[in-house]
Each structure stands twice: as structure tokens, then as C-alpha cells.
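All residue numbers in the sequence shown are consecutive under the UniProt record's numbering, ending with 442.
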Amino acid sequence: MSDSRTVDQLDIIQQLHEKCMESVVEYIFSLLDISCLRTAETVCKLWYSIVKKRKLWKKLYQNHNFRSSTLNLLLDRRTCEGFNTAEDEFLHKRLLNAYEKVQQNWVIGTHVKKSVNVGHCSRFVMDSKRVITMDSTLCVTMWNRWTLEEERLPLESEDGISELTHLQLAEDLVFCSYRDGTIVAWDIMEKAVSFRFKDENISGCDLKIHTAHGLLVSFVTVTGSVRGCDQTRFSVRSVQKPFSIVAEELTKRIPCARVKDVTSDNNYFVVFLFCSNNYVVSAEDVKIQLRSIDTFEILREICGIMPSDHVFKYFDGWLVAGIRTIRIWDIEKSNCQHVIPHSNSSTEEYETLVVDVQLDGERLIIRDNSGTFKVWLFCCNKEVNFSNRIGRLSNNSLSISSEPIARRCEKFKFDELQIITVERVQDDIRGPFDLLVMRNFF
1 MSDSRTVDQL DIIQQLHEKC MESVVEYIFS LLDISCLRTA ETVCKLWYSI
51 VKKRKLWKKL YQNHNFRSST LNLLLDRRTC EGFNTAEDEF LHKRLLNAYE
101 KVQQNWVIGT HVKKSVNVGH CSRFVMDSKR VITMDSTLCV TMWNRWTLEE
151 ERLPLESEDG ISELTHLQLA EDLVFCSYRD GTIVAWDIME KAVSFRFKDE
201 NISGCDLKIH TAHGLLVSFV TVTGSVRGCD QTRFSVRSVQ KPFSIVAEEL
251 TKRIPCARVK DVTSDNNYFV VFLFCSNNYV VSAEDVKIQL RSIDTFEILR
301 EICGIMPSDH VFKYFDGWLV AGIRTIRIWD IEKSNCQHVI PHSNSSTEEY
351 ETLVVDVQLD GERLIIRDNS GTFKVWLFCC NKEVNFSNRI GRLSNNSLSI
401 SSEPIARRCE KFKFDELQII TVERVQDDIR GPFDLLVMRN FF
């Protein structure tokens, strides 16, 4: 190569640009990842102008957003923090740079803690914008996840004095159930009650609710006089828009069963039932019912996967369960796909007791009784095929240390940006209270 050639003569991008081959230039730039596109902008004014004119940051954003929910979370965060995203010329670049930083922080465990006093928290739920806490008495409070601004929601039972039993956040609606059988839906955007009704047939201290797919399901256990004779009574209602319309569909009983949890995904309602009348804990204690998202009728019942003392989490067709050894089940196939820790021995046990597990589309997090979080990469998408070298579950985990945890404070929730916990604080002057703790990965 002749030394007399200039840099411009060696710049293939400039040569293509001069020949009006913009589509080829755009294709070349589309092959770059976030870091390389950021570097390309700094090469020269021409490259920068091409990136800007062809809106390559926006196109790269759209490509990543199709594969990961993290970018939507980052966008929601900027909105919650008060930024004007509609007029931000560099929005997509900011979000992609933030996305890259989040991925790096999860690899090494870098995070920043924030906390706020929430009184005495008996339950909390979250979405991408907010956390809703339920006081152990009668109060429901909404917190901005990023500014920690609070708003007390004016919710109460039909009688006005009944205790809260359950809480769910679905899109922009907060659903609350009360011991007297009252169920209330609060519209966050309208700042008003969408509906409130009372059903004495489902009243009780363990009343649970779950709403999805246009159905509102409520459960309550009727204690039997003989061990093992408890019954679960449930009601299914069709919730239609406008949300002030609630049509009752059916009320049925599940004999000899107590509800442990109710959840759902795109394919099923999933009901976990404690059904044992034995004095010895066994794998036959828990039945898992897969129910129709249209009618709530039973499609399949699964037994023998886990005993009643195991902690568990269901997500998108996967069940993670255990208390010492953690097993990951493909629930539709009813077979164990993975064991944590990795071992060929069925007697291998997790080194400490597990107090909670949580799973999303990309990660599995296990919390033990020392407060430590173990973070594993786990791909929930069953359509993805893996080679022998790269598996669905990562070979190694990341450990994130925490303070020792008090009883009732074991539960946590997480997404790609935060791990959220409730931690009990003992204060000599004010007495015990709970902190809502956010571990921010960006």
C-alpha cells in the first residue's frame, strides 16, 4: 500500500457516501453494537452526521428493545424522574448507554442502596414505576421507585374498619381485599375507586385475590373441624371495561385443600394447594393446578413435585422450588431440568437454608437465611435452543451480601434495575419499624 494515501482515501464509509450508497453505509453501521456505535460517532464529522441523520441510535434501540425488557424499564425510570422524554433528541442513545451500564453492574454486583421508612409492612408489590406497600393495619401507600415520593391511597373496606388481607398491582389498578370480604380496585391514573363490592361468602383472614385475563379470582379457606378437612371456597368474576362493571360468574369449592398461592402467565392460571392430612411433610403435600385463562376450569393437576415447607416461584412455565436443594421444573413436562448447586449427587444440598426465590425472564435469584443473594443467569424462553457449551442456566452465580434478615422480612422482588426488600430495624426510641430497601443497578 502506498504511503501517499490519505486517511480519507482509506475511509470506506466516506467513499460509499460520495457514491450515494447510503443504504450500504447504514447496513455497515447496523452491524455495530452499543460500544462500537458510540466510538464510530467520534471518528469524524461525517460519521457522526451519518449516525444522526440515519437515526442509527433509534434503530439500534428498537432492535434491543425487541429482545429485552430492560430498555422499557429505563424509559419508565426517566419518566418517573420527571425528564421530558418526548423532546429528548438523544433519548435512545442515553437509554442504550444506560442499558450497557446495567448489564455491566449485574456482572460484578455493583449497586447503590436507598431506603425509606414504611412503618410496618406486611406485604408489597411493584411494577416498573412504583411500589405499593400494605401496612399491617389498614393503610396502603404508593411509592415512586426512583424519587421515593409517597402517596397514601384512600382505600377502605365497605365497613371501613376491616383488616387488609391481600394486595395486587395490575397495570394501573391496585386491587385490595379485606377480612370482611370486601374487594376494592383503585385506579392510579384517575385517582378514584373503580369498583368496590363485598361478598360474605369469601370473607376471612386468609382471603387471597388474583386478577388476570379479564377475570378476578378470590379464595378463602374454610377451616374444618377435623385435620385435613379444610376447604377452599373461590369465586370467579368477569372484570370488564369500564372497570365499574363486575359480573359474578361462579362460586365453587375445592375440598380438603388450602390455597398457598395463585399466579398466572400467558397460558394458565396456576393454583398451588396444600392438600395433606398427614403429620409428616412429603412431596405429595402440594397440588399444582393449571387452569384455563378463559373459564378458570382445571386443565391439569400436578402432584409430587414439592412438599409444603419448600419456598417456590412460578414464572412463564418454570417452577423453582426448594429449601436446601433448589430444583427448576418445566411445569408442563413435570420434569426437573436443573438442580442448584450443580451436582451429580441427589443428596447435594444448598449450603444454607433458602428463604425466598424469584425468577424473571433473564435471572434467577436465591436468598438464603444469612441475607445473601445468589444471582444466576437463566433463560426462560423455551423456544431458545442451547449448545452443550452454553446452557439455559449459567455455570456460576454472583453473590450479593446483605445484612442478617429478621423474620417476616425474607421476601424480595426484583427486575433488571432493582432488587427490593423490606428490612426490620430495631430503634430504642421509636421501636421496631420496616425499611423499604432498593438496591439500584443503575
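No residue lacks a Cβ here, since even glycine has one placed at the ideal position from N, Cα and C.
> Is the segment 230 to 238 in contact with the segment 248 to 263, if contact means three or more CB pairs nearer than 8 Å?
Replying inline: yes
> Which ranges does the alpha helix (DSSP H) cover as unbroken runs of at least 4 residues, wholly within the segment 235 to 315, from first to last along the chain?
Replying inline: none
> Of all the options V51, I34, G181 and A321, which has the alpha carbon lying nearest to the alpha carbon of Q14?
Replying inline: What you label residue 14 is simply residue 14 of the sequence shown in a count that begins at 1. Ranking V51, I34, G181 and A321 by Cα distance to Q14 puts V51 first.
>> Report the CB separation of F312 from M306 in whole angstroms; it is logged as a contact under 8 Å.
In response: For this step, residue 312 is matched to residue 312 along the sequence shown. For this step, residue 306 is matched to residue 306 along the sequence shown. Confirmed, Cβ separation roughly 6 Å.
> Is there contact here, the segment 168 to 179 with the segment 203 to 220, by at least three beta-carbon pairs under 8 Å?
Replying inline: yes
> Could you give the residue range of the beta strand (DSSP E) that holds E423?
Replying inline: On the sequence shown, position 423 is the one that residue 423 refers to. Boundaries of the beta strand (DSSP E) harbouring E423: Q418 to V425, taken from the DSSP string.
> Taking the alpha-carbon positions, what's the M21 to W47 distance?
Replying inline: Numbered from 1 along the sequence shown, position 21 holds the residue referred to as residue 21. Numbered from 1 along the sequence shown, position 47 holds the residue referred to as residue 47. Each residue's Cα considered, the two are about 14 Å apart.
> So C121 and L436 are in contact, right, with Cβ under 8 Å, and what is the actual spacing, rounded?
Replying inline: What you label residue 121 is simply residue 121 of the sequence shown in a count that begins at 1. What you label residue 436 is simply residue 436 of the sequence shown in a count that begins at 1. About 7 Å; that satisfies the 8 Å criterion.
> Who are the Cβ neighbours of T79 in its own chain at under 7 Å, not counting the five residues just before and after it?
Replying inline: As a first step, residue 79 must be located in the sequence shown, where it is residue number 79. Cβ within range, chain order: T85.
> With W318 and I328 assumed to form a contact (beta carbons below 8 Å), what rounded beta-carbon distance in angstroms separates them?
Replying inline: As a first step, residue 318 is located in the sequence shown; it is residue number 318 there, counting from the start. As a first step, residue 328 is located in the sequence shown; it is residue number 328 there, counting from the start. Under the criterion of beta carbons closer than 8 Å, W318 and I328 qualify as touching, at roughly 6 Å.
> Between which two residues does the alpha helix (DSSP H) carrying L16 extend?
Replying inline: Position 16 of the sequence shown, counting from 1, holds the residue named residue 16. Taken as a continuous stretch (DSSP letters only), the alpha helix (DSSP H) holding L16 covers I12 to E18.
>> Which complete beta strand (DSSP E) runs does the segment 133 to 212 hold, if anything under 3 residues is left out?
In response: Runs of beta strand (DSSP E) with 3 or more residues, each lying fully within the segment 133 to 212, are found at 140 to 144, 150 to 153, 164 to 170, 173 to 178, 182 to 187, 192 to 198 and 208 to 212, listed in chain order.
>> With DSSP as the reference, identify every bridge partner of L215, one or two as the case may be.
In response: As a position in the sequence shown, residue 215 is number 215, starting the count at 1. Beta-bridge analysis with DSSP links L215 to A212 and S238.
> Thinking C-alpha only, which one of N381, R367, F433 and D434 is nearest E410?
Replying inline: Taking the sequence shown and counting its residues from 1, one reaches residue 410 at position 410. Nearest of N381, R367, F433 and D434 to E410, Cα basis: R367.
> Which term fits T39, buried or exposed, when burial requires 16 or more other beta carbons within 10 angstroms of its beta carbon?
Replying inline: Here residue 39 refers to the residue found at position 39 of the sequence shown. So T39 ends up on the exposed side.
> Beta-carbon separation of residue 449 and T251 under 8 Å?
Replying inline: Residue 449 lies beyond the stretch modelled for the chain, which goes from 1 to 442, so this question has no answer here.
> For the segment 418 to 438 against the segment 107 to 127, are there 3 or more C-beta pairs whose distance is under 8 Å?
Replying inline: yes
> Excluding the five sequence neighbours on either side, which residues of its own chain have a C-beta within less than 7 Å of the C-beta of V320, listed in chain order?
Replying inline: For the purposes of this step, residue 320 is taken as the residue at position 320 of the sequence shown. Contacts found: F312, K313, I326, I328, V357, L359 and L364.
> According to DSSP, what are the bridge partners of K413?
Replying inline: As a first step, residue 413 must be located in the sequence shown, where it is residue number 413. I420, per the DSSP bridge assignment.
> Rounded to whole angstroms, how far is the Cβ of residue 462 from the Cβ of E81, which I believe are closer than 8 Å?
Replying inline: Residue 462 is absent from the structure shown; the chain starts at 1 and stops at 442.
>> Here's a check: name, in chain order, each residue in its chain whose Cβ is nearer than 7 Å to the Cβ of N117, leaving out the five neighbours to either side.
In response: On the sequence shown, position 117 is the one that residue 117 refers to. Answer for N117: F433 and L435, listed in chain order.
> Are the beta-carbon atoms of T211 and A170 separated by less than 8 Å?
Replying inline: Residue 211 sits at position 211 when you count from the first residue of the sequence shown. Residue 170 sits at position 170 when you count from the first residue of the sequence shown. For T211 and A170, yes; Cβs fall inside 8 Å.
>> Contact defined as beta carbons within less than 8 Å: I believe L164 pairs with L138. What is the distance between those atoms, to the nearest angstrom?
In response: Numbered from 1 along the sequence shown, position 164 holds the residue referred to as residue 164. Numbered from 1 along the sequence shown, position 138 holds the residue referred to as residue 138. About 6 Å separates the two Cβ atoms, so the contact holds.
> Once you ignore the five residues that flank L32 on each side, which residues in its own chain have a CB closer than 7 Å to its CB?
Replying inline: As a working mapping, residue 32 is identified with position 32 in the sequence shown. Cβ-Cβ distances below 7 Å link L32 to A40 in the same chain, with the five nearest sequence neighbours on each side left out; the list follows chain order.
> When the Cα of E332 is compared with those of Q289, G371, G322 and W143, which residue comes out closest?
Replying inline: Working through the sequence shown from its first residue, we reach residue 332 at position 332. Residue Q289 holds the alpha-carbon nearest to the alpha-carbon of E332 among Q289, G371, G322 and W143.
> Is the distance from the Cβ of N105 to the Cβ of F441 below 8 Å?
Replying inline: As a position in the sequence shown, residue 105 is number 105, starting the count at 1. As a position in the sequence shown, residue 441 is number 441, starting the count at 1. Yes, the Cβ-Cβ distance between N105 and F441 is below 8 Å.
>> Here's the rule: buried if 16 or more other CB atoms are within 10 angstroms of the residue's CB, otherwise exposed. What is E248?
In response: Taking the first residue of the sequence shown as position 1, residue 248 is located at position 248. E248 comes out exposed.
> Would the beta-carbon of E416 fall within 8 Å of that of S69?
Replying inline: By one-based count along the sequence shown, residue 416 stands at place 416. By one-based count along the sequence shown, residue 69 stands at place 69. Yes, Cβ-Cβ distance for E416 and S69 is below 8 Å.
>> Can you tell me whether V43 is buried or exposed? The criterion is at least 16 other CB atoms within 10 Å of its CB, across all chains shown.
In response: On the sequence shown, residue 43 is found 43 positions in, with the first residue counted as 1. Classification of V43: exposed, given that the 10 Å Cβ count is below 16.
> According to the neighbour-count rule (16 or more other Cβ atoms, all chains shown, within 10 Å of its Cβ), is G181 buried or exposed?
Replying inline: Position 181 of the sequence shown, counted from the start, is the residue given in the question as residue 181. The residue in question, G181, is buried, as its Cβ has 16 or more Cβ neighbours within 10 Å.
> What are the residues that DSSP puts in a beta bridge with L438?
Replying inline: In the sequence shown, residue 438 corresponds to position 438, counting from 1. It is Met, not Leu, that sits at residue 438 in the sequence shown. The partner list for M438 (beta bridge, DSSP) reads K114 and I420.
>> Less than 8 Å between the beta carbons of S394 and L377, yes or no?
In response: Indexing the sequence shown from 1 puts residue 394 at position 394. Indexing the sequence shown from 1 puts residue 377 at position 377. Yes, the Cβ-Cβ distance between S394 and L377 is below 8 Å.
> Quick one: Cα of R196 to Cα of V184, how far?
Replying inline: Along the sequence shown, one-based indexing puts residue 196 at 196. Along the sequence shown, one-based indexing puts residue 184 at 184. Answer to the nearest angstrom: the Cα atoms are 4 Å apart.
> Can you tell me the Cα-Cα spacing of N335 and E150, whole angstroms?
Replying inline: One-based indexing of the sequence shown puts residue 335 at position 335. One-based indexing of the sequence shown puts residue 150 at position 150. The alpha-carbon atoms of N335 and E150 are separated by roughly 44 Å.
> Once you ignore the five residues that flank L75 on each side, which residues in its own chain have a CB closer than 7 Å to its CB?
Replying inline: In the sequence shown, residue 75 corresponds to position 75, counting from 1. For L75, where only same-chain residues beyond five positions count, the Cβ hits under 7 Å are T85 and L95.
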